[in-house]
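Chemist:
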DNA sequence: TCCATTAATGCAATTTACGCATTAATGGAT
DNA sequence: ATCCATTAATGCGTAAATTGCATTAATGGA
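Protein chains in written order, with our numbering: chain U, 8 to 294; chain B, 8 to 294.
(1) Within the 8 Å Cβ cut-off, does residue 9 of chain B reach chain U?
(2) Is residue 275 of chain B close to chain U, meaning its C-beta is less than 8 Å from at least one C-beta of that chain?
(3) Compute the beta-carbon to beta-carbon distance between residue 172 of chain B and residue 248 of chain B, rounded to the nearest angstrom, for a pair I have assumed lies under 8 Å.
(4) At the level of alpha carbons, what is the spacing between residue 67 of chain U and residue 130 of chain B?
(5) Answer yes if the region 131 to 147 of chain B comes into contact with the region 256 to 274 of chain B, meaning at least three C-beta pairs across the two stretches below 8 Å, and no otherwise.
(6) If you scan the region 254 to 294 of chain B from start to end, which runs of the beta strand (DSSP E) of 3 or more residues do you find wholly inside it?
(7) For residue 182 of chain U, which residues from the same chain have a beta carbon less than 8 Å from its beta carbon, with the 5 sequence-adjacent residues on both sides left out?
(8) Secondary structure at residue 159 of chain U, three-state DSSP: helix, strand or coil?
(9) For the region 68 to 99 of chain B, which residues have a CB atom closer than 8 Å to at least one CB atom of chain U, in sequence order?
(10) So residue 5 of chain U and residue 120 of chain U are in contact, right, with Cβ under 8 Å, and what is the actual spacing, rounded?
(11) Distance check for residue 73 of chain U and residue 86 of chain B, CA to CA, integer angstroms please.
(12) List the whole-angstrom C-beta distance separating residue 102 of chain U from residue 149 of chain U, where the pair is believed to meet the contact cut-off of C-beta under 8 Å.
(13) Kindly indicate the opening and closing residues of the alpha helix (DSSP H) around residue 81 of chain U.
(14) Buried or exposed: which applies to residue 282 of chain U, given that a residue is buried once 16 or more other Cβ atoms fall within 10 Å of its Cβ?
(15) Can you pull the chain U neighbours of residue 53 of chain B, defined as C-beta to C-beta under 7 Å?
(16) Closer than 8 Å by C-beta to residue 7 of chain B: which residues in its own chain qualify, once you throw out the five before and the five after it? Chain order, please.
(17) Relative to chain B, which residues along the region 257 to 282 of chain U have a C-beta separation below 7 Å, given in chain order?
(18) Out of U/178, U/25 and U/208, state which residue places its alpha-carbon closest to the alpha-carbon of residue 269 of chain U.
(19) Assuming residue 134 of chain U and residue 90 of chain B make a contact with CB atoms under 8 Å, what is their CB distance in whole Å?
(20) Kindly list the residues whose CB is nearer than 8 Å to the CB of residue 190 of chain U, restricted to its own chain and excluding five residues on each side of it in sequence; keep chain order.
(21) So which residues of chain B does residue 17 of chain U contact, with C-beta pairs closer than 7 Å?
(22) From the DSSP output, in three-state form, read off residue 21 of chain U for me.
(23) Could you tell me whether the Cβ of residue 66 of chain B comes closer than 8 Å to any Cβ of chain U?
(24) Quick one: which residues of the region 130 to 161 of chain B get their C-beta closer than 9 Å to a C-beta of chain U? List them in chain order.
(25) Does the distance from the C-beta atom of residue 70 of chain B to that of residue 63 of chain B stay below 8 Å?
(26) In chain U, which residues lie less than 9 Å from residue 46 of chain B when you measure between Cβ atoms?
(27) Below 8 Å on the Cβ atoms is my guess for residue 285 of chain U versus residue 276 of chain U; work out the distance and round it to an integer in Å.
(28) Report the rounded CA-to-CA distance for residue 43 of chain U versus residue 122 of chain B, giving the unit in angstroms.
(29) What is the DSSP secondary structure of residue 116 of chain U, reduced to helix, strand or coil?
(30) Any idea which residues DSSP pairs residue 171 of chain U with across the strands?
(31) Count the other CB atoms, across all protein chains shown, that sit within 10 Å of the CB of residue 12 of chain B; report buried if there are 16 or more and exposed otherwise.
(32) Give me the residue from U/48, U/211, U/58 and U/127 with the minimum Cα distance to residue 156 of chain U.
(33) What is the DSSP secondary structure of residue 203 of chain U, counted as helix, strand or coil?
(34) What's the call for residue 233 of chain B, buried or exposed, on a 16-neighbour Cβ count within 10 Å?
(35) With a 10 Å radius around its C-beta and 16 neighbouring C-beta atoms as the bar for buried, classify residue 154 of chain U as buried or exposed.
(36) Which residues of chain B have a Cβ atom closer than 7 Å to the Cβ of residue 56 of chain U, listed in chain order?
So this is what it looks like as structure tokens:
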């Protein structure tokens, strides 16, 4: 059974005239007649009561007219929807990102996506450092922004942004500009730092920074969560080294003093993932 | 687009293997490959991501698999339903009948129909004498049982039953058997009779009966409604001439005395009505 | 009774679908 | 690293289906 046959049937059910219908459907009366016959015999249902003069729907034909009209519309809608999925205009994408950028570049990225593809559903999630690779490879997330270059097989990684590192101090702290910093005073600070994850280039950079400053930091506390770190600094429990992106969180009571060190942000995705939604989002972010 | 193509797609979406699927669908891998390609190009949607080694659904393919499964089941259900309509096993038929037989042959007819065609919906209606023909010809009813032969063009009529006429008297009435009746006493009765409709053979018969008995009835009241007539007789307001069928109404306080006159019941329907439900019901009633 | 209309049908031509055989890509085994 | 078995795609000839044209047969109206 062919959709076209059903379209012929619906047209004929409206017109109730083989010649007129054939004309409208751009076939000959002969073809239409045979298509209807073929439909009837395949269904095992007489659709029209017809003689050489009149054509009218049988009760079963009337029933099918009503039902098929609905079903064909439904089908057309489904196919339209499928086309949008195919073009990456519909669908869901799960993006993981570090807390630090949730107020800096993430809003820009989201705005850009929802502007270009308003029908996309985006799920923003946070993923612990040790789960990042597994979640990506097991399709729990589709895209992840990290501060580490990822070189695992099957994962592609591109640098998308570079953050400055700042030292974050409470408003009443004597550090006011970069010039106030000295090896001696730094040595006296209590530091609140991110957890030093194995192989994390981000914590490496912080480590290298202290090396370059020739300071061995007195680490008061390690936390994976930037918001926790910021709250602790505000309470005067220590100072922190954080990427500038945290400035966008508009947290009062803090001062960011830019340091001459940088940390990169990378976009990571499955190399073999051809999901058109992903392709579209990648194009947008990497532009 | 062909339903068969969608069935091929669904099979392949389950198997994810062209050779195995082709075998199960009883075609060659070549044909299956081309059918899927044709489906993809007609839809404008890539359904499978495939190389010479692996086959997997695209997001759009996954979506269509879920949707099409539902739609195809829906369609199969619709077609099954249509087949039942075609065979006259499903549908609605509106049957009109005189009040008199609602407790005699109507229950038998209903039982017979619902036994043979349990899915049929029957609507029983009452139609005033003057509307009978119009309602039938205008498809307001499909079948009508009358006490008059109908010979209008486009209407077929078949005799299905013959009722005896009885004189109906209250229980305390002196008439006990047919032998108690005499011209003289009949002349003294007050009669409650049906309305003498123009061209109604039924009221004709009652008229002829009185002529044969050489009695001119003292008609106290005319009513079209048998139940009204019966109620009036029970109250002692007169006696009536009614078809035996009323005996089945189990009305207490009445005596039916059979008279040597008969009245026929006819089944009437549109001659050109080929509704299979009607055909089935006709076959049952006329057997 | 005749005629115009119209659905069905025979036939030839065209288009489409199919199976067979082959090709080309790929993942796993040696 | 190389070879091989597996497997989806494809070229080609044949079979099947669909189509249009012309004709037929039925039917309602003049």
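Glycine is no exception: its CB is placed at the ideal position from the N, C-alpha and C atoms.
Modeler: The relevant details are as follows:
(1) True, the Cβ-Cβ gap to chain U drops below 8 Å.
(2) So no, residue 275 of chain B is outside the interface.
(3) Confirmed, about 6 Å.
(4) Cα-Cα distance, rounded: 19 Å.
(5) Result no; under three Cβ-Cβ pairs closer than 8 Å.
(6) With a minimum length of 3 residues, the continuous beta strand (DSSP E) runs that stay inside the region 254 to 294 of chain B are 261 to 277.
(7) Only 174, 176, 188, 192, 246, 262 and 264 meet the Cβ criterion.
(8) Looking at residue 159 of chain U - three-state DSSP - the assignment turns out to be coil, as it is neither helix nor strand.
(9) Cβ proximity to chain U below 8 Å picks out 70, 71, 74, 75, 78, 81, 82, 85, 86, 88, 89, 90, 92, 93 and 98 from the region 68 to 99 of chain B.
(10) The question about residue 5 of chain U has no answer here: the residues shown for chain U are numbered 8 through 294.
(11) Between residue 86 of chain B and residue 73 of chain U, the C-alpha separation is close to 12 Å.
(12) Yes, they are in contact, since the Cβ atoms of residue 102 of chain U and residue 149 of chain U sit about 7 Å apart, within 8 Å.
(13) First-last of the alpha helix (DSSP H) with residue 81 of chain U: 66 to 93.
(14) The residue in question, residue 282 of chain U, is buried, as its Cβ has 16 or more Cβ neighbours within 10 Å.
(15) Those are 93, listed as they occur along chain U.
(16) Residue 7 of chain B lies beyond the residue range present for chain B, which begins at 8 and ends at 294; the question has no answer from this structure.
(17) Hits within the stretch, in order: 281 and 282.
(18) From the listed residues U/178, U/25 and U/208, the smallest Cα separation to residue 269 of chain U is found for U/208.
(19) Rounded, the Cβ-Cβ distance is 55 Å, inconsistent with contact.
(20) Correct list, in chain order: 220, 221 and 222.
(21) Near residue 17 of chain U there are no residues of chain B at all, since even the closest Cβ is about 14 Å away, more than 7 Å.
(22) Residue 21 of chain U falls in the helix class under three-state DSSP.
(23) Chain U, which has a Cβ nearer than 8 Å to the Cβ of residue 66 of chain B, makes this yes.
(24) Those residues of the region 130 to 161 of chain B that come within reach of chain U (Cβ to Cβ, closer than 9 Å) do not exist; the list is empty.
(25) Result no, Cβ atoms of residue 70 of chain B and residue 63 of chain B do not sit closer than 8 Å.
(26) What residue 46 of chain B touches in chain U: nothing, since even the nearest Cβ is about 11 Å away.
(27) Approximately 6 Å separates the beta-carbon atoms of residue 285 of chain U and residue 276 of chain U; this is inside 8 Å, confirming the contact.
(28) Looking at the two C-alpha atoms, the distance is approximately 34 Å.
(29) Looking at residue 116 of chain U - three-state DSSP - the assignment turns out to be helix.
(30) As computed with DSSP, residue 171 of chain U is found in a beta bridge with U/269.
(31) Per the 10 Å Cβ criterion, buried.
(32) Checked all of U/48, U/211, U/58 and U/127; the closest Cα to residue 156 of chain U is U/211.
(33) Secondary structure of residue 203 of chain U (DSSP, three-state): coil.
(34) Around the beta carbon of residue 233 of chain B, a 10 Å sphere encloses 16 or more other beta carbons of the protein chains shown; the residue is thus reported as buried.
(35) So residue 154 of chain U ends up on the buried side.
(36) In chain order: 281.
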